[in-house]
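Numbering (the numbering used here), first residue to last: 66 to 486.
We put the CB at the ideal spot given by N, CA and C, even for glycine.
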Amino acid sequence: MSSHLNDPLNTQNTTEVGKSASSAPLWGMVVAVQANYYHVKLDSGQRSAVSSQRSAVSSEQSAVSSQRSAVSGQRSAGDQDAAVERTESCNLQAANLQVLLCTRRSRLKKIGQRVMVGDRVEVVEPDWVSGRGAIAQVLPRQSELDRPPVANADQLLLVFAMVEPTLDPHQLSHFLIKAETTELQVCLCLNKSDLATADERDHWYDRLQQWGYAPILISVHQATGLTALDAQLRHRVTIVSGPSGVGKSSLINRLIPSSDLRVASVSGKLGRGRHTTRHVELFELPTGGLLADTPGFNQPDLDCAPEDLATYFPEARSRLAVASCQFSDCLHRDEPNCVVRGDWERYEHYLHFLAAAIARQDALNKLGDSESTMKRKSDRDGEQYEPKLETKKYRRPSRRVQQQTLQNMRYDLKDASLDGD
Ligand SMILES: Nc1nc2c(ncn2[C@@H]2O[C@H](COP(=O)(O)OP(=O)(O)OP(=O)(O)O)[C@@H](O)[C@H]2O)c(=O)[nH]1
Ligand SMILES: [Mg+2]
Ligand SMILES: [Zn+2]
């Protein structure tokens, strides 16, 4: 992350810097979004640059005033300086450790530029007294996740509990596949190892290695395994994900004690699921790096194409890295000379999720057919599309169909609230 952060400072804004010290652009990262306000944490290098610029300005002013005042000038300039410095540091502290509350410039609104948590932004017109500013520019994203909405994340930390709730291999697979579809690096962590026996711990460690993962076993309560985890999180932007109750918020609280209140507020009874997704926030690790807590949900929806599914299994990836199936569009079921089909534990999971992906695609295709309202027509000018005449469209639906639609909507709503977001 950090390598691309400084580029814009050196390239795009050299002329700005030349203009005047006080109008030098400020860069930072959006750490939280609430309604139309963005909390932007300024880059640390810049914060010191800003305060040294400001103290340079204030000492210039002091020098001028000391020249004017012949006798007591020196002393009052010194006092003034110190006072400015004190006010500044208080303001910055009051503004939540160099986080400015920003609006989005109307130009960005006009061009439809969304601002997400994790975005790298340019802040203009900082008001150090009130801790406010405006976002004038958003840098291109390196990655973008929709749920939760976070830009520029480097990795996904999938947290599961070994016990309470019981580790269900199928559910774990489900989450792992979902995590792999993000194309972010996936890191797996098993919490509550204090509740597991040594045999259980060995069993899961070996088993998940077979799946192609190197799980980090931790206990938030006993503070074990946290050093290894910390090394994995350092200097990266990580999204913490996993089912409800596995200890995601407890973990973040432990790693970032200062996040305590805020984490508690988003993962309490009220926040579970719905609230947290609407209010994603990045917390800074004392050792460097940022963590985003997410609401726990128990069944992520998979929307991957059948032909992509194998790429979300490290076991299949490693097989395909050294050999190829006979058919390039092999779905690895019963095709001849398939190199993926075989004796690996999760091959059963693969078949299960493949069947679901195929069913989903079929359903989408059917929907696409029935919803397509244009038909192709050839004439002298070539091919053209014209609206289809829909014979049944204006027919009034029967009472039974109306009842069924209503019923389905109820189920959808119920599912949505169970899913959490
Ligand atoms: N025994 C044990 N319990 C833990 C550990 N870590 C967390 N817990 C407990 O697990 C429960 C759930 O923890 P949370 O941190 O709220 O879990 P979460 O993943 O944030 O849950 P959601 O916010 O619902 O998604 C709490 O009662 C914690 O005290 C651990 O290492 N060992
Ligand atoms: Mg939580
Ligand atoms: Zn195959």
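DSSP places residue 265 inside the alpha helix (DSSP H), whose first and last residues are 263-275. Between the region 303-317 and the region 262-282 there are fewer than three inter-stretch CB-CB distances shorter than 8 Å, so the stretches are not counted as touching.
Rounded to whole angstroms, the separation of the alpha carbons of residue 373 and residue 405 is 13 Å. Apart from sequence neighbours up to five positions away, the residues of its chain that approach residue 287 with a beta-carbon distance below 7 Å are 259, ordered along the chain. In the DSSP assignment, the residues bridged to residue 185 are 94. Residue 389 has its Cβ no nearer than 6 Å to any heavy atom of ligand 1.
Relative to the Cα of residue 353, the nearest Cα in the group 379, 299, 188 and 346 belongs to 299. Note on residue 172: under 16 other CB atoms within 10 angstroms of its CB, so exposed under the neighbour-count rule. Here residue 169 carries a strand assignment [DSSP, helix/strand/coil].
Contact holds between the region 359-369 and the region 240-247, because three or more Cβ pairs, one in each stretch, are under 8 Å apart. With respect to residue 98, residue 215 sits apart: the two C-beta atoms are not nearer than 7 Å. About 4 Å separates the Cβ atoms of residue 165 and residue 198, confirming a contact at the 8 Å cut-off.
For residue 104, the enclosing beta strand (DSSP E) starts and ends at 102-107.
Of all alpha-carbon atoms in 265, 293 and 376, the one lying nearest the alpha-carbon of residue 418 is that of 376. DSSP places residue 402 outside both helix and strand once states are collapsed to three, so it counts as coil. In the DSSP annotation of this structure, the continuous segment of the alpha helix (DSSP H) that includes residue 314 starts and ends at 313-320.
Ranked by Cα distance from residue 303, the first of 350, 267, 284 and 290 is 350. Annotation: residue 410 to residue 267 spans about 17 Å, alpha carbon to alpha carbon. Contact between residue 358 and residue 317 is confirmed by a C-beta separation of about 5 Å, below the 8 Å threshold. Setting aside the 5 residues that flank it on each side, residue 394 is surrounded in the same chain by 372, each with a C-beta closer than 7 Å to its C-beta; the list follows chain order. Secondary structure of residue 303 (DSSP, three-state): strand. For residue 386, the uninterrupted alpha helix (DSSP H) segment begins and ends at 379-387. A distance criterion of 6 Å places the beta-carbon of residue 239 beyond contact range of ligand 3, judged by its closest non-hydrogen atom.
With a cut-off of 6 Å, the C-beta of residue 295 is classified as distant from ligand 1, since no heavy atom of the ligand falls inside that distance.
In the DSSP secondary-structure assignment, residue 224 is bridged to 254. Contact annotation: residue 103 and residue 200 have beta-carbon atoms nearer than 7 Å. Using a 10 angstroms sphere on the CB of residue 378, the tally of other CB atoms reaches 16 or more, which defines it as buried. Within the same chain, Cβ atoms closer than 8 Å to the Cβ of residue 269 are found at 227, 232, 255, 261, 280 and 282, the five residues on either side in sequence being excluded. For residue 219, the secondary structure class from DSSP, reduced to helix, strand or coil, is coil. Taking the Cβ of residue 397 as the reference point, at least one heavy atom of ligand 3 falls within a distance shorter than 6 Å. Bounds of the alpha helix (DSSP H) holding residue 236 are 234-246. Counted as a single uninterrupted DSSP element, the alpha helix (DSSP H) harbouring residue 293 occupies residues 291-298.
A straight line joining the alpha-carbon of residue 412 with that of residue 402 spans about 16 Å.
Put simply, the backbone Cα of residue 202 is about 30 Å away from that of residue 323.
Counting of Cβ neighbours within 10 angstroms places residue 274 among the exposed residues, the total staying below 16.
Distances from the CA of residue 210 to each of 250, 193 and 224 were compared; the closest alpha carbon is that of 250.
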